[in-house]
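The listed protein sequences derive, respectively, from chains A and B.
Per the UniProt record's numbering, residue 1 is the first one in the first sequence, and the count goes up by one each step.
Per the UniProt record's numbering, residue 1 is the first one in the second sequence, and the count goes up by one each step.
Cβ atoms here follow ideal geometry from the backbone N, Cα and C, with glycine treated the same way.
Structure first, then comments.
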Amino acid sequence: MIRLEKRPQPSRAFAYLTPVLAVLATFVFGGILFAALGKDPVQSILTIFWEPLFGEFAFFYRPQLLIKGAPLVLIAIGLSLGFKAGIWNIGAEGQYIMGALCGAGFGLAFYPAESALIFPGMVLAGAFGGWLWAMIPALLKVRFGTNEILVSLMLVYVAEQFLASMSLGLLKNPEGFGFPGSRNLQQYQSAHNAELIAGSGMHWGVVAALIAVIFAYVLLARHRLGFAVRVTGDAPRAARFAGVNPSRLILFCLGTSGLLAGLAGLFEVAGPAGQVSIDFNVGYGFTAIIVAFLGRLHPVGIVLAGLLMALTYIGGDIAQSQLGLPAAAIQVFQGMLLFFLLALDLFTNYRLRIGRVETA
Amino acid sequence: MDLGAINPILLIAALMSAATPILLAATGELVVERSGVLNLGVEGMMIVGAICGFAIAVETGSPMIGFVAAAVGGAALSLLFALLTQVALANQVASGLALTLFGLGLSALLGQSYVGVKPPRMGDVDFGLLADIPVLGPILFSHDPVLYIGVLLVAAVWATLKLTRLGLILRAVGENHDAAHALGYKVVRIRTLAIMFGGALAGMGGAYISLIRVPQWTEGMTAGVGWIALALVVFASWKPWRVLLGAYLFGGITQLQLNLQGAGVAIPVEYLAMSPYIITIVVLVILSADRSAAPGSLGRTFHASN
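And the structure:
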C-alpha cells in the first residue's frame with residue numbers, strides 16, 4: 001500500500017531537485033517523442049542542448065542565448081511576483097505586444113530625426129504600454145473583483161488584433177511597397193537597440209533583465225513589499241492581519257509584470273525583431289510562464305530556467321534545419337517540461353509512505 | 001456598406017452554429033467546476049479535439065466518427081490534468097495552463113500533414129416538412145446533428161445536476177470535499193470522471209470548429225474560444241440553462257461581427273474581430289460582483305489526510 005503523507009515542512013532538497021528531475025524526465029519522454037517522429041532520440045537531444053553551446057558553430061549560437069533568454073527572464077521575473085502572491089497574470093503576451101507598439105510608435109513618430117533622447121523615450125513608452133495593458137485586469141480586479149486570469153488572457157487576443165491593425169495601418173512603412181510592417185528600426189540609428197558589444201548578443205534588454213533579477217531578489221529577500229508578496233501567497237488571511245493591502249498588492253504585481261513584459265517587447269522590436277509586423281511576437285509571453293515555474297519563482301532560478309528555455313528555442317531551430325524536426329515538437333517538449341515539474345513537485349510537499357496503513 | 005445584405009433569419013440560424021463550440025466546451029467545464037475543479041486547460045483540450053476529430057474524420061470519411069475521436073482525444077488529454085491535480089496534487093491554475101500550452105503544441109504536431117486538407121462534410125438532420133416552415137424552418141430545423149446534441153447535453157446536464165442522486169453527489173463534492181469524503185464518497189474518482197467529461201465535451205467543441213464551422217485545419221484555430229467558454233461558466237453562475245443563453249449571446253456577437261465584416265462596414269476588420277473578447281471582459285465585469293454561486297471547494301486541492 002502506497003500512500004502520501006503531508007510533510008510538516010516543504011522539503012528544501014526536493015524544491016531544488018524537482019526542476020532537475022523534471023528536465024531529466026523531459027529528456028527521456030522527449031526522446032521517446034522524437035523517436036516516434038522517426039528521429040534518432042540521442043542525436044536530437046544532443047542537437048538541441050549540446051550543439052548551440054559546444055558545437056562547431058557555437059560562436060554563432062551562444063549570443064543567441066542572451067537574445068532569446070533576456071525577454072523570457074524579463075517577463076518571467078514580473079510574472080513570478082504575481083504567481084507567488086496568487087495573482088495570475090497570464091496575458092504577458094498582450095502586454096509584450098502593447099509595449100512594443102507604444103515604444104516603436106514613439107520612436108517612429110520622430111523619424112527621421114536623430115537624437116540621443118529617442119531611445120530612452122522609447123524605453124519609457126514601452127514600459128508604459130505594457131503597464132497600461134496590465135492595469136486593465138488589475139483595476140477591474142480591484143474595483144469589481146473580476147477574474148484577472150480571464151481578462152488578461154482576453155486582452156492578448158485584443159492586442160494581437162491591435163497589432164495587426166497597426167502594422168497594416170498607422171505604423172506601416174510608407175516606403176515599404178505596400179508590404180505590411182513598420183519601418184525597420186535597425187536602420188534607424190536613434191531607435192535601434194543595438195548590440196552593446198559586437199557579437200556578444202548583449203543588448204539593452206539583457207541589461208534590463210539583469211537589473212530586474214537583482215531588483216526582484218532584493219525586493220523578495222529584503223523589502224517589506226516582498227514580504228507582503230510572500231505572505232499573501234502562503235496565507236492570505238494572515239497577510240490581511242499583517243496589514244497587507246490586497247488591492248495595492250494586485251496593482252503592484254500586475255503593474256510590475258506588465259511593465260517588464262512591455263520592456264521586453266520594446267527591446268525585441270527595436271533590436272532582434274527590428275520592425276512591428278503582424279507576427280513579430282513568437283509567444284515569449286506564454287513560454288515565460290513555464291520559465292517562472294521552472295525557476296521556482298525565484299529570481300536566480302528564473303535566470304537559469306530562462307537560459308534553458310532559450311536553449312530549446314535555439315536548439316529547436318537547429319534541429320529543425322538539420323534533422324527536419326518539426327517546430328511544434330519543441331513546443332510539446334516545453335509543455336512536457338512544465339507537466340513533469342508540476343507532477344514531481346508532489347514530493348516537495350508530500351512524502352511517499354510504503355507499507356500498511358496503521359489503524360487509528 | 002450594405003447592411004441590407006444581412007438576412008436576420010440566416011443570421012439567427014448561423015449564430016446557433018457559431019455558439020455550438022462555446023456551448024459544448026462550457027457545458028463540460030460547468031460540470032468540472034461544479035465538482036470543485038477549475039480546469040483552465042479548456043483551450044488546449046479543444047484544439048486537441050479539433051485535430052483528433054479532423055484527422056479521424058478525414059481518414060475514415062465519417063464526420064461522426066471524427067466527433068467520437070475528438071471526445072476521446074479531449075478526454076485523454078484531460079486525464080493528464082486529472083493525474084496532475086488529483087493524484088500529484090498540483091496547483092490547478094498552473095496545471096490548466098500547462099495543459100493549454102501542451103495541447104497547442106501537440107495539436108500543431110499532429111496536424112502537420114492535415115494543413116489544406118478538406119474534411120468530409122456533415123449533412124444536416126432531415127426534419128422533412130418541418131424544414132419548410134417559413135422563418136422557423138431555417139432557424140430551428142436545418143442544422144447538423146451535433147448542434148442538437150449540444151442543446152440536448154445542456155438539458156441532460158441540467159437534469160442530472162438537479163434531479164438525480166449522481167448530480168447531488170457531484171455537487172456535494174464540489175461544495176465541500178471534506179464533508180463529501182467524510183460521507184464516504186470517492187472525491188478523487190468523482191472529480192476525475194467529471195474532468196474527463198469536461199475534456200470530452202471540449203474536444204467535441206473543438207472538432208465542431210475544425211469540421212463544421214471553418215471547415216479545415218490551421219494551427220491555433222480555436223483562437224481563444226476555450227477561454228471564452230471559461231468566462232461563460234462564470235457568466236452563467238454555474239447554471240446550465242444560462243450557459244445556453246450565454247453561448248447564443250456570444251455566438252450572436254461572433255456571427256454579427258463576421259457578417260459586418262462581410263457587409264463592408266466602415267469599422268476596420270481588426271476592431272470587429274476584437275469585439276467578442278472585449279464583450280467577454282465587459283460581461284465578466286458586470287457579473288463578477290456576485291460570486292456567491294461559485295462551488296465552495298472550487299480550485300482547492302483535496303487530500304484525504306487533511
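Check                                                                                                                                                                                        : Outcome
Note the first and the last residue of the continuous alpha helix (DSSP H) segment covering arginine 165 (chain B).                                                                          : 165–175
Okay, do the segment 91–106 of chain A and the segment 231–251 of chain A touch, 3+ Cβ pairs below 8 Å being the bar?                                                                        : no
Can you pull the chain B neighbours of proline 326 (chain A), defined as C-beta to C-beta under 9 Å?                                                                                         : Ala108, Leu109, Gln112
Between A:Leu337, A:Ala228, A:Leu108, A:Ala235, which lies nearest to glycine 181 (chain A) when the distance is taken from Cα to Cα?                                                        : A:Leu108
Applying the criterion that 16 or more other CB atoms from any shown protein chain within 10 Å of the CB defines a buried residue, is aspartate 40 (chain A) buried or exposed?              : exposed
Specify, as a first and last residue, the run of the beta strand (DSSP E) that tyrosine 350 (chain A) falls within.                                                                          : 350–354
In chain A, which residues lie with their C-beta within 9 Å of the C-beta of proline 268 (chain B)?                                                                                          : Ser165, Leu168, Gly169
Check each candidate in A:Leu155, A:Arg237, A:Gly199 and name the one with the smallest Cα separation from proline 63 (chain A).                                                             : A:Gly199
In chain A, which residues lie with their C-beta within 9 Å of the C-beta of alanine 131 (chain B)?                                                                                          : Within chain A, no residue comes near alanine 131 (chain B); the closest Cβ sits about 36 Å away, beyond 9 Å.
Taking DSSP's pairing of strands, which residues face isoleucine 2 (chain A) in a bridge?                                                                                                    : A:Ile354
If you drop the 5 nearest sequence neighbours on each side, which residues of the same chain put their C-beta closer than 7 Å to that of phenylalanine 14 (chain A)?                         : Phe347, Thr348
Could you list which residues in chain A have their beta carbon closer than 8 Å to that of methionine 274 (chain B), in chain order?                                                         : Tyr157, Val158, Gln161, Phe162
Could you compute how far the alpha carbon of valine 31 (chain B) sits from the alpha carbon of serine 190 (chain A)?                                                                        : 56 Å
Considering only C-alpha positions, which residue in the set A:Leu304, A:Gly69, A:Pro10 is nearest to glycine 283 (chain A)?                                                                 : A:Gly69
Mind the definition here: the segment 19–31 of chain B touches the segment 46–65 of chain A only if three or more C-beta pairs lie below 8 Å; say whether that holds.                        : no
Is the Cβ of threonine 312 (chain A) closer than 9 Å to any Cβ of chain B?                                                                                                                   : no
Determine the direct distance from the alpha carbon of leucine 344 (chain A) to that of threonine 18 (chain A), and round the result to whole angstroms.                                     : 6 Å
Looking only at its own chain, which residues have a Cβ that is under 7 Å from the Cβ of alanine 35 (chain A), when we skip the five neighbours before and after it?                         : Pro41
Closer than 6 Å by C-beta to residue 307 (chain B): which residues in its own chain qualify, once you throw out the five before and the five after it? Chain order, please.                  : The structure shown has nothing for residue 307 (chain B), since chain B only spans 1 to 306.
Apply the 10 Å Cβ neighbour rule to serine 152 (chain A) and answer buried if 16 or more other Cβ atoms are within range, or exposed otherwise.                                              : buried
Quick one: Cα of tyrosine 271 (chain B) to Cα of arginine 351 (chain A), how far?                                                                                                            : 53 Å
Find out if the Cβ-Cβ distance for the pair glutamine 86 (chain B), valine 233 (chain B) is shorter than 9 Å.                                                                                : no
Which residues of chain A have a Cβ atom closer than 9 Å to the Cβ of phenylalanine 102 (chain B), listed in chain order?                                                                    : Gln331, Val332, Gln334, Gly335, Met336, Leu338, Phe339
Go to asparagine 147 (chain A), then tell me how far its alpha helix (DSSP H) extends in each direction, as first and last residue.                                                          : Taken as a continuous stretch (DSSP letters only), asparagine 147 (chain A) belongs to no alpha helix (DSSP H), as it is neither H nor E.
Mind checking if glycine 231 (chain A) is an interface residue toward chain B, Cβ cutoff 9 Å exclusive?                                                                                      : Checking the sequence shown, residue 231 (chain A) turns out to be valine, not glycine. No, because no Cβ of chain B sits closer than 9 Å to the Cβ of valine 231 (chain A).
What does leucine 284 (chain B) reach in chain A if we use C-beta pairs closer than 9 Å?                                                                                                     : Leu140, Phe144, Thr146, Asn147, Leu150, Val151, Met154
Tell me the residue span of the alpha helix (DSSP H) that contains threonine 254 (chain B).                                                                                                  : 240–263
Does chain B have any CB closer than 9 Å to the CB of lysine 6 (chain A)?                                                                                                                    : yes
Tell me which residues share the same chain as serine 107 (chain B) and place their Cβ nearer than 6 Å to its Cβ, disregarding the 5 neighbours each side in the sequence.                   : Ile47, Val48, Ile51
Are the beta-carbon atoms belonging to leucine 230 (chain B) and leucine 40 (chain B) less than 9 Å from one another?                                                                        : yes
Measuring straight from C-alpha to C-alpha, what distance separates isoleucine 209 (chain B) and isoleucine 9 (chain B)?                                                                     : 22 Å
Quick one: does alanine 76 (chain B) have its CB under 9 Å from some CB of chain A?                                                                                                          : no
Quick check: is the beta carbon of methionine 1 (chain B) nearer than 9 Å to any beta carbon in chain A?                                                                                     : Interpretation of methionine 1 (chain B) is limited by its pLDDT of 48, a score under 50 that renders its predicted location unreliable; no figure is taken from the coordinates.
Evaluate contact between the segment 295–313 of chain A and the segment 74–83 of chain A, counting only Cβ atoms and requiring at least three cross-stretch pairs below 8 Å.                 : yes
Quick check: is the beta carbon of tryptophan 227 (chain B) nearer than 9 Å to any beta carbon in chain A?                                                                                   : yes
Is it the case that the segment 283–296 of chain A contacts the segment 208–225 of chain A, given that we only count it when at least three CB pairs across the two stretches are under 8 Å? : no
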